[in-house]
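K.L.:
Let me begin by handing over the structure; questions about it come next.
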Amino acid sequence: MSSLDQPGSPDTGADGATAVTAAPETADALLKLITAEYESLPRQLKRIASYMSQQSDRIMVDRISDIARECEVHPSAIVRFSQRFGFSGFSEMQALFREAYTHKATPVQNYQQRIRSMIANKSQKASVGDLARECVNATLSGLERLALELDDEAFENAVDLVVNADNIYVVGVRRSFAVADYLVYNLQHTNKRIHLISGLGGSYREQMRSVRANDLVIAISFTPYGKETQHCLRIAQHHQAKTLIITDSNLSPLAKRANAVLLVNEGSSFAFRSLSATLCLCQALFIAVAYRLELKVDEISEQAGFED
1 MSSLDQPGSP DTGADGATAV TAAPETADAL LKLITAEYES LPRQLKRIAS
51 YMSQQSDRIM VDRISDIARE CEVHPSAIVR FSQRFGFSGF SEMQALFREA
101 YTHKATPVQN YQQRIRSMIA NKSQKASVGD LARECVNATL SGLERLALEL
151 DDEAFENAVD LVVNADNIYV VGVRRSFAVA DYLVYNLQHT NKRIHLISGL
201 GGSYREQMRS VRANDLVIAI SFTPYGKETQ HCLRIAQHHQ AKTLIITDSN
251 LSPLAKRANA VLLVNEGSSF AFRSLSATLC LCQALFIAVA YRLELKVDEI
301 SEQAGFED
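Counting in UniProt numbering, the sequence shown runs from 1 upward without gaps.
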């Protein structure tokens, strides 16, 4: 056992927090426990909890130094986190994820290993074609993970919310804005009143002013979660509108009190995250809504007289 995996007190976790006395027996049980205990965790351990929730399929191959770097904490914090949830150290906690994911298709782990090898091999310069393929592989890993982890019940709830809404407001800022605009474009093929909250000129509050109880606000946001998007959600909840959140973790501040949450974790290449899985999820949402509304193909197609 390494010095980093030495067990601490069984009764007290990091920063005096009460530790779980018996470690969960499965990775899914651990992730549920992390979600339940999240608010009681110290700030550093919350970063690790968010990483665990978003990157659960990578834990089996991640080194403790990798997680520490991603979470901007010291490796000892990873050990304290493990002990907080009843494990002797990181290695014991990691074994749960290895048991859970070893027999599954793991494109993300394979991709992560390739990235590590490419970065580590400083003697061989990568070609532009290699870099392009890494971007493609990152996108594929996100799409495959979306297919594996899509929650059918949550998706059904999301479709219900869209179908039953009087007005639909869609908000996403910075990199999420492109997704919000794409979803608005799709939903405008229905007969529903669709509004893009662009915040042009800082007018988020003004654009949200007409939200009412029978309306739906769709918010798209990923870590570190846009403050403008959170502001729009607070307005929606104040007016008792329904909320549908597309995000990367149940620990997201946007997910609290939401009527439905759709989770999507994108692949990333050299710190740049793809949008392909999120766009695919939004397209799937529209197709499901169109099917439920019994839209005809000619109602969805472009108007005559216009070209791309």
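Backbone N, C-alpha and C fix where the C-beta goes; we use that ideal spot for every residue, glycine too.
#1: At what residue ranges does the UniProt domain "SIS" (158 to 300) contain a whole run of the alpha helix (DSSP H), taking only runs of 4 or more?
#2: If contacts are defined as beta-carbon pairs under 8 angstroms, then Ala-213 and His-239 qualify, I think. What distance do you get, rounded to the angstrom?
#3: What residue does the alpha helix (DSSP H) around Tyr-38 start on, and which one ends it?
#4: Report back the beta-carbon spacing between Cys-280 and Asn-186 to the nearest angstrom; my notes put them in contact at under 8 angstroms.
#5: Among the candidates Ser-76, Phe-81, Val-128, whose CA atom is the shortest distance from the CA of Leu-41?
#6: With H, G and I counted as helix, E and B as strand and the rest as coil, what does DSSP make of Val-61?
#7: Do Leu-216 and the ligand ATP come close, with the Cβ less than 8 angstroms from some heavy atom?
#8: So is Asn-250 buried or exposed if we call it buried at 16+ other beta carbons inside 10 Å?
#9: How many whole angstroms separate the CB atoms of Ala-219 and Thr-190, which I take to be in contact at a CB cut-off of 8 angstroms?
#10: Thr-229 to Met-208, Cα distance in whole Å?
#11: In three-state DSSP terms, what is Leu-150?
#12: Could you check if Val-128 is buried or exposed, using at least 16 other CB atoms within 10 Å of its CB as the buried criterion?
#13: Can you check whether the CB of Ser-274 is closer than 9 angstroms to the CB of Cys-71?
#14: My assumption, with CB atoms under 8 angstroms, is that Gln-44 sits in contact with Val-79. Please give the rounded CB distance.
#15: According to DSSP, is Lys-125 part of a helix, a strand, or is it coil?
#16: Closest to Leu-150 by CA distance: which of Ala-284, Ser-50, Lys-256 is it?
P.N.:
Checking against the coordinates, here is how it stands:
#1: DSSP runs (the alpha helix (DSSP H)) wholly in the UniProt domain "SIS" (158 to 300): 177 to 187, 204 to 207, 227 to 238, 276 to 292, 297 to 300.
#2: The residue given as residue 213 occupies position 213 in the sequence shown. The residue given as residue 239 occupies position 239 in the sequence shown. That pair is a contact at about 7 angstroms.
#3: Residue mapping note: residue 38 aligns to position 38 of the sequence shown, counting from 1. Premise fails: Tyr-38 is in no alpha helix (DSSP H) and is neither H nor E.
#4: Residue mapping note: residue 280 aligns to position 280 of the sequence shown, counting from 1. Residue mapping note: residue 186 aligns to position 186 of the sequence shown, counting from 1. Between Asn-186 and Cys-280 the Cβ distance is about 12 angstroms, and since that is not below 8 angstroms, they are no contact.
#5: Residue numbering aside, residue 41 sits at position 41 when the sequence shown is read from its first letter. Checked all of Ser-76, Phe-81, Val-128; the closest Cα to Leu-41 is Phe-81.
#6: In the sequence shown, the residue the question calls residue 61 occupies position 61. Correct three-state label for Val-61: coil.
#7: Within the structure as shown, the ligand ATP is missing, as the structure has no ligands at all.
#8: Looking up residue 250 in the sequence shown gives position 250. Under this definition Asn-250 is a buried residue.
#9: Taking the sequence shown and counting its residues from 1, one reaches residue 219 at position 219. Taking the sequence shown and counting its residues from 1, one reaches residue 190 at position 190. Not confirmed; about 19 angstroms, so no contact.
#10: Translated into the one-based positions of the sequence shown, residue 229 becomes position 229. Translated into the one-based positions of the sequence shown, residue 208 becomes position 208. Rounded to whole angstroms, Thr-229 to Met-208 spans 11 angstroms at the Cα level.
#11: The count along the sequence shown starts at 1 and reaches residue 150 at position 150. The answer is coil: DSSP assigns Leu-150 none of H, G, I, E or B.
#12: Position 128 of the sequence shown, counting from 1, holds the residue named residue 128. Burial call: exposed.
#13: As a working mapping, residue 71 is identified with position 71 in the sequence shown. As a working mapping, residue 274 is identified with position 274 in the sequence shown. Result no, Cβ atoms of Cys-71 and Ser-274 do not sit closer than 9 angstroms.
#14: Here the question's residue 44 lines up with position 44 in the sequence shown. Here the question's residue 79 lines up with position 79 in the sequence shown. Not confirmed; about 12 angstroms, so no contact.
#15: The residue you call residue 125 lines up with position 125 of the sequence shown. Residue state, collapsed to three classes: coil.
#16: Position 150 of the sequence shown, counted from the first residue, corresponds to residue 150. Nearest option by C-alpha distance: Ala-284.
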